[in-house]
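Chemist: Numbering (this note's numbering), first residue to last: 36 to 400. Built from N, CA and C at the ideal position, the CB exists for glycine as well. Owing to the predicted nature of the structure, the values given are computational and were not obtained by experimental measurement.
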């Protein structure tokens with residue numbers, strides 16, 4: 036699996052500039068609303084120094100990092116769900132993402148028009164989230180029509196679906212995101228939980244707030260004020276200067292490290308965003324390494340060894356016998372897979388083993 040993040044925001048908040056910087060894939064960022072009129076997808080390698088070190092001791096011919104997929108859609112405006120602007124046309128493109136990154140403009144720039152007339156981060160977030168709720172209401176309403184028809188035909192389970200969908204629609208109409216229903220999962224029937232997952236509602240997905248700040252704000256350690264904190268609650272947050280990320284995207288690795296150091300920050304916004312994405316979704320990385328290739332694999336935290344093997348191929352889960360496992364640091368210290376085996380540092384694990392971040396694994400099927 037790979038991490039897939041949908042990027043949403045109002046026009047002119049720096050969303051496409053950020054997308055360009057993160058993915059180094061050029062899209063139109065002209066200074067006018069709705070310039071992004073097609074969904075843009077960019078694939079980003081997950082930075083992980085461990086992979087290169089493992090490849091070095093294995094003398095791997097190929098290095099295959101884990102990836103993050105970013106999906107950028109047209110800027111949303113108030114009324115998008117009712118046909119205003121172009122944003123709602125593309126909301127379906129982010130239905131299958133794992134998380135939604137909402138870009139909120141914090142930086143001041145008189146040359147870049149704010150679609151609302153003035154900066155108001157809380158209001159901007161409310162506009163975006165309201166439009167997502169309206170899109171979810173559309174999805175639920177369509178499904179409800181079908182469920183009611185099934186109920187009339189006495190299809191098994193249809194009545195339960197109708198009741199659940201009506202309650203869900205009522206919550207959305209009251210301005211409550213679907214995640215609020217998910218947080219009460221202990222009160223939801225198994226059928227309702229399965230249906231909620233199947234609907235892939237936008238507001239049921241984890242949110243990451245990306246605050247687009249200026250270089251000066253970044254260097255001064257900008258933090259959200261109390262109003263913003265109350266709005267975002269316990270959601271994941273990352274402050275990024277899209278302008279700086281754009282400059283960093285054109286530099287070589289050594290130049291990037293120097294530039295980041297001069298700015299007084301530890302790592303780029305991309306690195307922080309990917310780490311927050313992994314943390315938000317509860318993902319970890321394990322490795323396979325050998326002469327042919329060294330590769331990083333992304334799996335959910337607490338995955339069993341067979342479940343982790345599914346990331347490679349379904350056969351690795353279905354035909355799993357055992358796995359040989361070693362922590363990446365121990366393998367580096369040993370110097371080779373053969374030496375680690377000779378030293379007795381490889382562990383043989385069965386179906387119940389829970390894979391840990393940084394494990395290097397050889398599967399036996």
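(1) Measuring alpha carbon to alpha carbon, tell me which residue in 359, 391 and 388 is nearest residue 379.
(2) Alpha helix (DSSP H) containing residue 388: first to last residue?
(3) Hey, which unbroken runs of the alpha helix (DSSP H) at 4 residues or more fall wholly within the segment 236-283?
(4) If you draw a straight line from the alpha carbon of residue 107 to that of residue 158, how long is it in whole angstroms?
(5) Helix, strand or coil: which one does DSSP assign to residue 27?
(6) How about residue 330 and residue 103: are their beta carbons less than 7 angstroms apart?
(7) On a Cα-Cα basis, can you pick out the residue from 167, 53, 347 and 393 that is closest to residue 336?
(8) Which runs of the beta strand (DSSP E) spanning at least 3 residues fall entirely within the segment 294-337, listed in chain order?
(9) Can you tell me whether DSSP reads residue 288 as helix, strand or coil?
(10) If you drop the 5 nearest sequence neighbours on each side, which residues of the same chain put their C-beta closer than 6 angstroms to that of residue 130?
(11) CA-CA distance, residue 252 and residue 289?
(12) Taking only the alpha-carbon atoms, compute the straight-line gap between residue 268 and residue 373 and give it to the nearest angstrom.
(13) Taking contact to mean 3 or more Cβ pairs, one atom from each stretch, closer than 8 angstroms, check whether the segment 312-331 and the segment 130-143 are in contact.
(14) Would residue 208 be called buried (16 or more neighbouring beta carbons within 10 Å of its own) or exposed?
(15) Could you work out which residue in 37, 140, 199 and 369 is closest to residue 101 when comparing CA atoms only?
(16) By DSSP, does residue 355 sit in helix, in strand, or in coil?
(17) At the level of alpha carbons, what is the spacing between residue 46 and residue 275?
(18) Okay, do the segment 293-307 and the segment 316-329 touch, 3+ Cβ pairs below 8 angstroms being the bar?
(19) When DSSP labels each residue in this structure, what does residue 176 get in the three-state scheme?
(20) Thinking C-beta only, is residue 59 closer than 7 angstroms to residue 303?
(21) Do the segment 381-396 and the segment 333-349 make contact, defined as three or more Cβ pairs closer than 8 angstroms?
(22) Can you give me the start and stop residues for the beta strand (DSSP E) that residue 39 sits inside?
(23) Compare the C-alpha of residue 22 against each of 227, 339 and 368 and name the closest.
(24) May I ask which residues mark the beginning and end of the beta strand (DSSP E) holding residue 47?
(25) Please specify which runs of the alpha helix (DSSP H), each continuous and at least 4 residues long, are wholly inside the segment 70-108, giving them in chain order.
Modeler: Quick look at the numbers:
(1) Numbered from its first residue, the chain shown carries residue 379 at position 344. That would be 359, whose Cα lies nearest to the Cα of residue 379.
(2) Position 353 of the chain shown, counting from 1, holds the residue named residue 388. Here residue 388 belongs to no alpha helix (DSSP H), and DSSP marks it neither H nor E.
(3) 250-254, 261-267 and 277-283
(4) Residue numbering aside, residue 107 sits at position 72 when the chain shown is read from its first letter. Residue numbering aside, residue 158 sits at position 123 when the chain shown is read from its first letter. Straight-line Cα distance between these residues: approximately 21 angstroms.
(5) No answer is possible for residue 27: the residues shown for the chain start at 36 and end at 400.
(6) Along the chain shown, one-based indexing puts residue 330 at 295. Along the chain shown, one-based indexing puts residue 103 at 68. No; because the gap between Cβ atoms is not below 7 angstroms, this pair is not in contact.
(7) Numbered from 1 along the chain shown, position 301 holds the residue referred to as residue 336. For the residues 167, 53, 347 and 393, the minimum Cα distance to residue 336 belongs to 393.
(8) 318-324 and 328-335
(9) Taking the first residue of the chain shown as 1, we reach residue 288 at position 253. Helix, per DSSP.
(10) Here residue 130 refers to the residue found at position 95 when the chain shown is read from its first residue. So the list reads 235, once near-sequence residues are dropped.
(11) Along the chain shown, read from residue 1 onward, the residue named residue 252 stands at position 217. Along the chain shown, read from residue 1 onward, the residue named residue 289 stands at position 254. Each residue's Cα considered, the two are about 24 angstroms apart.
(12) Reading the chain shown from its first residue, position 233 is the one you call residue 268. Reading the chain shown from its first residue, position 338 is the one you call residue 373. Near 50 angstroms, if we compare the C-alpha coordinates of residue 373 and residue 268.
(13) yes
(14) Working through the chain shown from its first residue, we reach residue 208 at position 173. The residue in question, residue 208, is exposed, as its Cβ has fewer than 16 Cβ neighbours within 10 Å.
(15) Walking along the chain shown from the start, residue 101 turns up at place 66. Measuring from the Cα of residue 101, the nearest candidate turns out to be 37.
(16) Taking the first residue of the chain shown as 1, we reach residue 355 at position 320. Residue 355 falls in the coil class under three-state DSSP.
(17) Working through the chain shown from its first residue, we reach residue 46 at position 11. Working through the chain shown from its first residue, we reach residue 275 at position 240. So the alpha carbons of these two residues sit roughly 17 angstroms apart.
(18) no
(19) Here residue 176 refers to the residue found at position 141 when the chain shown is read from its first residue. Residue 176 falls in the helix class under three-state DSSP.
(20) Locating residue 303 in the chain shown gives position 268, where the first residue counts as 1. Locating residue 59 in the chain shown gives position 24, where the first residue counts as 1. Going by C-beta atoms, residue 303 is not nearer than 7 angstroms to residue 59.
(21) yes
(22) In the chain shown, the residue the question calls residue 39 occupies position 4. 38-43 is the extent of the beta strand (DSSP E) around residue 39.
(23) With the chain represented from 36 up to 400, any question about residue 22 goes unanswered, as that position is not in the structure.
(24) For the purposes of this step, residue 47 is identified with residue 12 of the chain shown, where counting begins at 1. Run containing residue 47: none; DSSP gives neither H nor E here.
(25) 84-93
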